[in-house]
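My numbering numbers the first residue of the sequence shown as -11 and each following residue consecutively.
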Amino acid sequence: MFTRSNFSSFKHNRLQLCVVCAFVLALTSVSSAQEVQKIASLSKVETSRAAAAKENKYTFIMFWKNQDDATKAMWSTLQQNLSGKNDTTTFVAVNTSDPAEAKIVEEYGVSRAPMPLTLAVAPNGAITGSFVKQINADYIQQSFVSPAKCRCMKTLQSRKMVLLCVNAGSSSAMPQGVQDFKAVPCYQNVVEVVNVSQTEAAEADFLKELEVPQDGQNTKVVFMAPPGVMVGMYNGNVTSQQLIAELKKAGKSCGVEGCKHCK
């Protein structure tokens, strides 16, 4: 669950993802060849995950070492709860000793993790759930998160900061202080601005977790830094100087790659 003291401790998730690189559109022919080569080199599980992401589906990956009772129970629970949700999810199993799946085991850093372990991976690559030894229907359901929450998770897991602008209405105007902070050279590439409206029903639970006031009038800016620290919450008139001061006060000015030289 997201809290003001530890935004990333949403009950089970302690892992981080690497940033996914995009192909340059201007190099269409080269990119196409590289994409074909990349797809050809993917393992069975990597291919399944990539296909699910394109279809905006979640992927539940169960890592296991031994076919013990815990492994059988976890796989059975996944089957019972996800078999009828083919339009929104896919689930796969990975034997961590399988050489063909060595890349995905390394990617998630689970070679020495307690087994069995299931990770819930959103279409954008964010890990929205991490379950060791056991899993149940409630845990699975909690892994499906709102679009804004998913973006925030992915950003923090990519070792970047988040400025969540919660607007009173449907407007997505970025507060001037946020624009100015984003323009600071040593911060501009390590912070993502996420806009959300207080009126979006899908984001109601997320905003409640963050304890954002639902006054329907004023823009709020929620400042978060990895690994999941709530730096602070401010009104829409916050200045970039205030944000920088709060970041340094929180001791996170050197906690993000690229920010260590900011003054």
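Note that beta-carbon positions come from the ideal geometry of N, C-alpha and C, so glycine has one too.
Excluding five sequence positions before and after T78, the CB atoms of its chain that fall closer than 7 angstroms to its own CB belong to S36, A40, K45 and T47, given in chain order. For the pair of segments examined, the stretch 98 to 117 was found to touch the stretch 48 to 57: the number of CB pairs separated by less than 8 angstroms reaches three.
Membership of M62 in the alpha helix (DSSP H) is indicated by the continuous run D57 to L70. Residue ranges of uninterrupted alpha helix (DSSP H) with 4 or more members, entirely inside the stretch 91 to 140 and ordered along the chain, are 125 to 130.
Non-local C-beta neighbours of V184 in its own chain, meaning closer than 6 angstroms and more than five positions away in sequence, comprise A136, V154 and E191, ordered along the chain. Membership of E180 in any alpha helix (DSSP H) is not indicated; the residue belongs instead to the beta strand (DSSP E) covering V179 to S185. By DSSP's assignment, N223 forms a beta bridge with K208. Sorting F211, S131, P87 and D57 by C-alpha distance to the C-alpha of F169 places F211 at the top. In the three-state scheme derived from DSSP, where H, G and I count as helix and E and B as strand, L231 is classed as helix.
Contact check for E89 and V82: beta-carbon distance about 5 angstroms, within the 8 angstroms limit, so the pair qualifies. The Cβ-Cβ distance between V133 and F194 falls below 9 angstroms. Under the three-state reduction of DSSP output, V166 falls in the helix class. About 6 angstroms separates the beta carbon of P214 from that of V244, a gap short enough to meet the 8 angstroms contact definition. V244 sits in coil when the DSSP states are folded into three classes, being neither helix nor strand. Pairing Q186 with Q164 gives a Cβ-Cβ distance that is not under 9 angstroms.
Comparing alpha-carbon positions, the option among T143, G224, N124 and T84 lying closest to M103 turns out to be T84. Under DSSP, F51 forms a beta bridge with V82 and L105. Nearest C-alpha to K60 among S31, Q122 and L30: Q122. DSSP lists N183 and V209 as the bridge partner or partners of C153.
Residue environment analysis places N225 among the exposed positions, since fewer than 16 neighbouring C-beta atoms fall within 10 angstroms of its C-beta. Each of G72, L66 and Q176 was checked against the Cα of A125, and the nearest Cα belongs to L66.
Distance from the CA atom of P173 to the CA atom of M162, rounded to whole angstroms, is 18 angstroms. Bounds of any alpha helix (DSSP H) do not take in R147, whose DSSP letter is neither H nor E.
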